[in-house]
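Take 3 as the starting number for the sequence shown in my numbering and just add one per residue.
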Amino acid sequence: MAFSTGSLRSRERLWDEAIKAYNEAIRLKPDYPEAFHQLGIALNKQGDFASAIIAYQQALVLKPDYASAINNL
Numbered sequence: 003m004a005f006s007t008g009s010l011r012s013r014e015r016l017w018d019e020a021i022k023a024y025n026e027a028i029r030l031k032p033d034y035p036e037a038f039h040q041l042g043i044a045l046n047k048q049g050d051f052a053s054a055i056i057a058y059q060q061a062l063v064l065k066p067d068y069a070s071a072i073n074n075l
């Protein structure tokens, strides 16, 4: 639920709400690389590049061949 809420908020460009939802998804399932990747995208859109890099890197720790995370990083 939290991840889908984040996706919806991202499509609506409600980045603060998306970030909260992705963080909740990560809290509930910390081994889900897509949540870290999407968090990175939302953080990037907010201009928090350092935190976005950390989120992309965590996605890659969980899934080293994650092409979209590699590209966004």
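In this text, a Cβ means the ideal position worked out from N, Cα and C, and glycines have one as well.
- Item | Limits of the alpha helix (DSSP H) - the one that D33 falls within | First-last for D33: undefined, no H or E at that position.
- Message: Can you find the residues in the same chain that come closer than 7 Å, C-beta to C-beta, to K65, ignoring five residues on each side of it along the sequence?
- Response: P35
- So what's L10 in DSSP terms, helix, strand or just coil? Confidence at L10 is low in this model, with a pLDDT of 48, below 50, so the placement of that residue should be treated as unreliable; the coordinate-derived value is given next. If DSSP states are grouped into helix, strand and coil, L10 belongs with the helices.
- Return the residue from the list I21, L75 and I55 that minimises the CA-CA distance to A44. Answer by Cα proximity: I21.
- Query: With 16 as the cutoff for other CB atoms within 10 Å, does I72 come out buried or exposed?
  - Reply: exposed
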